[in-house]
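Numbering (my numbering), first residue to last: 679 to 945.
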(Lines of atoms letter the chains of each structure in order from A and count residues from 1; the text may use other names and numbers.)
(Lines give C-alpha, C1' and ligand atoms only; values in the text may rest on other atoms or scores of the structure.)
Protein backbone atom coordinates (compact mmCIF):
# COMPACT_ATOMS: atom_id res chain seq x y z
CA UNK A 1 0.00 0.00 0.00
CA UNK A 2 2.81 2.40 0.94
CA UNK A 3 4.51 1.63 -2.39
CA UNK A 4 1.27 2.25 -4.29
CA UNK A 5 0.75 5.55 -2.43
CA UNK A 6 4.30 6.63 -3.29
CA UNK A 7 3.64 5.95 -6.96
CA UNK A 8 0.44 7.98 -6.82
CA UNK A 9 2.30 10.87 -5.14
CA UNK A 10 4.94 10.78 -7.88
CA UNK A 11 2.27 10.96 -10.54
CA UNK A 12 0.60 13.85 -8.77
CA UNK A 13 3.86 15.79 -8.37
CA UNK A 14 4.28 18.14 -11.36
CA UNK A 15 7.52 17.94 -13.30
CA UNK A 16 8.58 21.59 -13.02
CA UNK A 17 11.48 21.22 -15.46
CA UNK A 18 9.18 19.64 -18.03
CA UNK A 19 6.61 22.40 -17.59
CA UNK A 20 9.29 25.07 -17.99
CA UNK A 21 10.60 23.42 -21.14
CA UNK A 22 7.09 23.21 -22.59
CA UNK A 23 6.40 26.83 -21.71
CA UNK A 24 9.65 27.91 -23.38
CA UNK A 25 8.84 25.92 -26.52
CA UNK A 26 5.35 27.40 -26.72
CA UNK A 27 6.76 30.88 -26.26
CA UNK A 28 9.32 30.36 -29.02
CA UNK A 29 6.72 28.85 -31.33
CA UNK A 30 4.58 31.97 -30.85
CA UNK A 31 7.64 34.10 -31.65
CA UNK A 32 8.00 32.19 -34.91
CA UNK A 33 4.37 32.86 -35.83
CA UNK A 34 4.81 36.51 -34.88
CA UNK A 35 7.78 36.79 -37.25
CA UNK A 36 5.32 36.62 -40.18
CA UNK A 37 3.50 39.73 -38.94
CA UNK A 38 5.22 42.28 -41.18
CA UNK A 39 6.00 40.08 -44.18
CA UNK A 40 3.96 39.79 -47.36
CA UNK A 41 5.06 36.35 -48.50
CA UNK A 42 6.86 33.13 -47.55
CA UNK A 43 9.96 33.26 -45.35
CA UNK A 44 13.00 31.00 -45.17
CA UNK A 45 14.11 29.32 -41.95
CA UNK A 46 17.06 31.69 -41.53
CA UNK A 47 14.86 34.77 -41.88
CA UNK A 48 12.27 33.36 -39.47
CA UNK A 49 14.95 32.48 -36.90
CA UNK A 50 16.47 35.95 -37.19
CA UNK A 51 13.14 37.72 -36.80
CA UNK A 52 12.12 35.53 -33.87
CA UNK A 53 15.52 35.75 -32.19
CA UNK A 54 16.00 31.98 -31.89
CA UNK A 55 18.69 29.58 -33.18
CA UNK A 56 18.10 28.24 -36.68
CA UNK A 57 18.00 24.65 -35.40
CA UNK A 58 15.28 25.60 -32.90
CA UNK A 59 13.30 27.39 -35.59
CA UNK A 60 13.50 24.36 -37.89
CA UNK A 61 12.32 21.99 -35.13
CA UNK A 62 9.40 24.18 -34.07
CA UNK A 63 8.39 24.91 -37.67
CA UNK A 64 8.14 21.15 -38.20
CA UNK A 65 5.76 20.97 -35.23
CA UNK A 66 3.72 23.92 -36.50
CA UNK A 67 3.58 22.33 -39.95
CA UNK A 68 2.36 19.07 -38.45
CA UNK A 69 -0.34 21.03 -36.61
CA UNK A 70 -1.42 22.75 -39.83
CA UNK A 71 -0.42 26.28 -38.78
CA UNK A 72 2.33 26.74 -41.38
CA UNK A 73 2.99 25.12 -44.72
CA UNK A 74 5.96 24.84 -47.03
CA UNK A 75 6.37 26.84 -50.20
CA UNK A 76 9.47 25.24 -51.68
CA UNK A 77 12.13 25.72 -49.01
CA UNK A 78 10.21 28.56 -47.39
CA UNK A 79 7.27 28.66 -44.98
CA UNK A 80 4.01 30.56 -44.92
CA UNK A 81 0.99 30.77 -42.64
CA UNK A 82 -2.06 28.67 -43.42
CA UNK A 83 -5.78 29.34 -43.53
CA UNK A 84 -6.10 27.59 -40.19
CA UNK A 85 -4.78 30.70 -38.45
CA UNK A 86 -7.19 32.86 -40.44
CA UNK A 87 -10.05 30.62 -39.35
CA UNK A 88 -8.97 30.91 -35.71
CA UNK A 89 -8.70 34.67 -36.08
CA UNK A 90 -12.32 34.87 -37.19
CA UNK A 91 -13.31 33.53 -33.76
CA UNK A 92 -11.52 36.28 -31.85
CA UNK A 93 -13.92 38.27 -29.68
CA UNK A 94 -13.71 41.47 -31.72
CA UNK A 95 -17.38 42.25 -32.08
CA UNK A 96 -16.91 45.99 -31.53
CA UNK A 97 -14.14 46.23 -34.12
CA UNK A 98 -16.10 44.21 -36.67
CA UNK A 99 -19.16 46.38 -36.03
CA UNK A 100 -17.08 49.54 -36.46
CA UNK A 101 -15.53 48.29 -39.67
CA UNK A 102 -18.90 47.39 -41.21
CA UNK A 103 -20.41 50.70 -40.09
CA UNK A 104 -17.49 52.81 -41.39
CA UNK A 105 -16.92 51.08 -44.72
CA UNK A 106 -19.55 53.05 -46.73
CA UNK A 107 -18.06 56.32 -45.49
CA UNK A 108 -14.52 55.17 -46.34
CA UNK A 109 -15.73 54.16 -49.79
CA UNK A 110 -17.31 57.57 -50.31
CA UNK A 111 -14.08 59.29 -49.16
CA UNK A 112 -12.10 57.22 -51.64
CA UNK A 113 -14.49 57.98 -54.49
CA UNK A 114 -14.54 61.70 -53.67
CA UNK A 115 -10.76 62.11 -53.40
CA UNK A 116 -9.39 59.29 -55.54
CA UNK A 117 -6.97 58.40 -52.77
CA UNK A 118 -6.70 55.26 -50.62
CA UNK A 119 -8.80 55.54 -47.47
CA UNK A 120 -8.05 53.79 -44.18
CA UNK A 121 -9.71 53.08 -40.86
CA UNK A 122 -7.47 52.27 -37.88
CA UNK A 123 -7.44 51.97 -34.10
CA UNK A 124 -4.69 52.41 -31.53
CA UNK A 125 -3.26 49.25 -29.95
CA UNK A 126 -0.56 50.07 -27.43
CA UNK A 127 1.85 52.32 -29.34
CA UNK A 128 0.87 50.99 -32.79
CA UNK A 129 -1.98 51.65 -35.17
CA UNK A 130 -3.81 48.57 -36.41
CA UNK A 131 -5.59 48.87 -39.77
CA UNK A 132 -9.21 47.71 -39.61
CA UNK A 133 -10.18 48.58 -43.16
CA UNK A 134 -8.75 49.89 -46.42
CA UNK A 135 -10.60 51.07 -49.52
CA UNK A 136 -8.67 51.31 -52.76
CA UNK A 137 -9.00 50.64 -56.47
CA UNK A 138 -6.95 49.40 -59.39
CA UNK A 139 -6.01 52.96 -60.30
CA UNK A 140 -5.06 54.05 -56.79
CA UNK A 141 -1.44 54.13 -55.61
CA UNK A 142 -0.23 50.98 -53.88
CA UNK A 143 0.39 51.52 -50.18
CA UNK A 144 2.40 49.35 -47.74
CA UNK A 145 -0.67 48.87 -45.56
CA UNK A 146 -3.00 45.93 -45.15
CA UNK A 147 -6.05 45.12 -43.07
CA UNK A 148 -4.81 43.60 -39.82
CA UNK A 149 -1.36 45.12 -40.25
CA UNK A 150 0.22 47.59 -37.88
CA UNK A 151 2.63 50.51 -37.89
CA UNK A 152 4.24 52.65 -35.16
CA UNK A 153 1.68 55.31 -34.25
CA UNK A 154 4.28 58.07 -34.16
CA UNK A 155 5.12 57.58 -37.86
CA UNK A 156 1.62 57.72 -39.32
CA UNK A 157 -1.05 60.35 -39.75
CA UNK A 158 -3.60 57.94 -38.29
CA UNK A 159 -1.39 57.30 -35.28
CA UNK A 160 -0.75 60.99 -34.64
CA UNK A 161 -4.48 61.73 -34.92
CA UNK A 162 -5.21 59.01 -32.37
CA UNK A 163 -2.40 60.04 -30.01
CA UNK A 164 -3.51 63.68 -30.13
CA UNK A 165 -6.97 62.56 -29.00
CA UNK A 166 -5.58 60.26 -26.28
CA UNK A 167 -4.78 60.89 -22.62
CA UNK A 168 -1.33 61.89 -21.38
CA UNK A 169 -0.54 58.37 -20.18
CA UNK A 170 -1.02 56.93 -23.67
CA UNK A 171 1.19 59.62 -25.23
CA UNK A 172 3.80 59.04 -22.52
CA UNK A 173 3.91 55.33 -23.34
CA UNK A 174 4.45 56.11 -27.01
CA UNK A 175 7.34 58.45 -26.19
CA UNK A 176 9.15 56.34 -23.57
CA UNK A 177 8.68 53.24 -25.71
CA UNK A 178 11.17 54.76 -28.09
CA UNK A 179 10.31 56.43 -31.37
CA UNK A 180 10.79 54.04 -34.27
CA UNK A 181 11.53 55.97 -37.47
CA UNK A 182 10.42 54.24 -40.66
CA UNK A 183 12.02 56.75 -43.06
CA UNK A 184 14.41 59.69 -42.86
CA UNK A 185 11.36 61.95 -42.47
CA UNK A 186 9.92 60.16 -39.44
CA UNK A 187 9.82 62.07 -36.17
CA UNK A 188 12.67 60.88 -33.96
CA UNK A 189 12.67 63.65 -31.35
CA UNK A 190 10.17 63.37 -28.45
CA UNK A 191 9.81 67.14 -28.04
CA UNK A 192 9.05 67.54 -31.73
CA UNK A 193 6.42 64.80 -31.49
CA UNK A 194 4.70 66.50 -28.54
CA UNK A 195 4.64 69.81 -30.44
CA UNK A 196 3.23 68.02 -33.47
CA UNK A 197 0.46 66.44 -31.39
CA UNK A 198 -0.51 69.84 -29.96
CA UNK A 199 -0.78 71.14 -33.54
CA UNK A 200 -2.91 68.16 -34.56
CA UNK A 201 -5.24 68.76 -31.62
CA UNK A 202 -5.68 72.40 -32.60
CA UNK A 203 -6.24 71.77 -36.33
CA UNK A 204 -8.25 68.55 -36.06
CA UNK A 205 -6.17 66.77 -38.71
CA UNK A 206 -2.79 65.02 -38.75
CA UNK A 207 -0.36 65.03 -41.63
CA UNK A 208 2.16 62.32 -42.48
CA UNK A 209 4.47 63.37 -45.30
CA UNK A 210 6.64 60.36 -46.17
CA UNK A 211 7.07 59.48 -42.48
CA UNK A 212 5.63 55.98 -42.85
CA UNK A 213 6.77 55.28 -46.41
CA UNK A 214 8.75 57.23 -48.97
CA UNK A 215 6.62 58.77 -51.68
CA UNK A 216 3.41 58.55 -49.62
CA UNK A 217 1.51 61.40 -47.94
CA UNK A 218 -1.48 61.00 -45.65
CA UNK A 219 -4.09 63.25 -44.03
CA UNK A 220 -5.94 61.76 -41.04
CA UNK A 221 -8.55 62.70 -38.45
CA UNK A 222 -9.73 61.05 -35.25
CA UNK A 223 -13.28 59.77 -34.96
CA UNK A 224 -14.36 61.92 -32.02
CA UNK A 225 -16.44 59.60 -29.87
CA UNK A 226 -16.45 58.81 -26.17
CA UNK A 227 -15.93 55.14 -25.47
CA UNK A 228 -13.42 52.38 -24.88
CA UNK A 229 -12.58 52.07 -28.57
CA UNK A 230 -11.26 55.06 -30.51
CA UNK A 231 -10.54 55.20 -34.22
CA UNK A 232 -9.23 57.42 -37.00
CA UNK A 233 -9.66 57.69 -40.77
CA UNK A 234 -7.26 58.85 -43.45
CA UNK A 235 -6.73 59.50 -47.14
CA UNK A 236 -3.34 58.60 -48.63
CA UNK A 237 -1.76 59.34 -51.98
CA UNK A 238 1.55 59.87 -53.80
CA UNK A 239 3.47 62.85 -52.40
CA UNK A 240 4.17 64.36 -55.81
CA UNK A 241 0.44 64.46 -56.62
CA UNK A 242 -1.18 64.68 -53.20
CA UNK A 243 -3.23 67.80 -52.54
CA UNK A 244 -2.83 68.98 -48.94
CA UNK A 245 -5.35 71.79 -49.41
CA UNK A 246 -8.22 72.64 -47.13
CA UNK A 247 -10.54 70.58 -49.32
CA UNK A 248 -8.91 67.21 -48.59
CA UNK A 249 -8.55 68.06 -44.91
CA UNK A 250 -12.23 69.00 -44.80
CA UNK A 251 -13.22 65.77 -46.55
CA UNK A 252 -11.26 63.64 -44.07
CA UNK A 253 -12.61 65.55 -41.05
CA UNK A 254 -16.17 65.28 -42.36
CA UNK A 255 -15.78 61.53 -42.91
CA UNK A 256 -14.53 61.12 -39.33
CA UNK A 257 -17.49 63.14 -38.03
CA UNK A 258 -20.00 61.15 -40.08
CA UNK A 259 -18.60 57.86 -38.75
CA UNK A 260 -18.70 59.22 -35.19
CA UNK A 261 -22.39 60.21 -35.54
CA UNK A 262 -23.30 56.84 -37.04
CA UNK A 263 -21.34 55.04 -34.34
CA UNK A 264 -23.06 57.00 -31.55
CA UNK A 265 -26.43 56.25 -33.12
CA UNK A 266 -25.95 52.49 -32.70
CA UNK A 267 -24.69 52.88 -29.15
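Glycine residues also receive a C-beta, built at the ideal position from the N, C-alpha and C atoms.
Handout entry: Contact under 8 Å by Cβ, residue 829 with residue 803
Key = no
Exercise for the section: Quick one: using the 10 Å Cβ neighbour count with 16 as the cut-off for buried, is residue 865 buried or exposed? Expected result: buried
Exercise for the section: Taking 8 Å as the cut-off, decide whether the C-beta atoms of residue 732 and residue 706 are in contact. Expected result: yes
Practice task
Mark residue 889 as exposed unless 16 or more other C-beta atoms lie within 10 angstroms of its C-beta, in which case mark it buried.
Solution key: buried
Exercise for the section: Could you check which residue in 932, 885, 766, 720 has the C-alpha nearest to that of residue 915? Expected result: 885
Exercise for the section: Would you decide whether residue 764 is buried or exposed? Buried here means 16 or more other CB atoms lie within 10 Å of its CB. Expected result: exposed
Handout entry: residue 783 beta carbon near the ligand GTP (any heavy atom closer than 7 Å)
Key = Because no ligand of any kind appears in the structure shown, any question about the ligand GTP cannot be addressed here.
Exercise for the section: Please report how far the alpha carbon of residue 856 lies from the alpha carbon of residue 742, in whole angstroms. Expected result: 35 Å
Practice task
Can you give me the start and stop residues for the alpha helix (DSSP H) that residue 845 sits inside?
Solution key: First-last for residue 845: undefined, no H or E at that position.
Handout entry: CB of residue 897 within 8 Å of CB of residue 927, strictly
Key = yes
Handout entry: Residue range of the unbroken alpha helix (DSSP H) whose run includes residue 878
Key = 868 to 881
Exercise for the section: Return the residue from the list 710, 838, 797 that minimises the CA-CA distance to residue 821. Expected result: 797
Handout entry: alpha helix (DSSP H) segments (min. 4 residues) lying fully within the stretch 728 to 771
Key = 734 to 746, 761 to 767
Exercise for the section: Give the straight-line distance between the Cα atoms of residue 779 and residue 910, rounded to the nearest whole angstrom. Expected result: 11 Å
Practice task
With a 10 Å radius around its C-beta and 16 neighbouring C-beta atoms as the bar for buried, classify residue 883 as buried or exposed.
Solution key: buried
Practice task
Give me the Cα-Cα distance between residue 739 and residue 875, rounded to the nearest whole angstrom.
Solution key: 46 Å
Handout entry: CB contact flag (residue 900, residue 930, <8 Å)
Key = no
Exercise for the section: For residue 702, count neighbouring Cβ atoms within 10 angstroms of its own Cβ and tell me buried if that reaches 16, exposed if not. Expected result: exposed
Problem - residue 746, buried or exposed, once every other Cβ within 10 Å from all chains shown has been counted against 16 - result: exposed
Exercise for the section: For my contact list, residue 825 and residue 811 are in at a C-beta cut-off of 8 Å; report their separation, rounded to the angstrom. Expected result: 6 Å
Practice task
Tell me, please, which residues DSSP counts as bridged to residue 887.
Solution key: 895
Practice task
Would you kindly report the start and end of the unbroken alpha helix (DSSP H) that includes residue 930?
Solution key: 924 to 943
Exercise for the section: Report the three-state DSSP secondary structure of residue 851 (helix, strand or coil). Expected result: helix
Handout entry: Rounded straight-line distance, which links the Cα of residue 758 to that of residue 712
Key = 12 Å
Practice task
Please check the pair residue 709 and residue 725, which I expect to be a contact at CB under 8 Å, by giving their CB distance rounded to whole angstroms.
Solution key: Actually they are not in contact, since the Cβ atoms of residue 709 and residue 725 sit about 13 Å apart, beyond 8 Å.
Handout entry: DSSP bridge partner residues for residue 811 (one or two, in chain order)
Key = 799
Handout entry: Through-space distance from residue 833 to residue 859, alpha-carbon basis
Key = 7 Å
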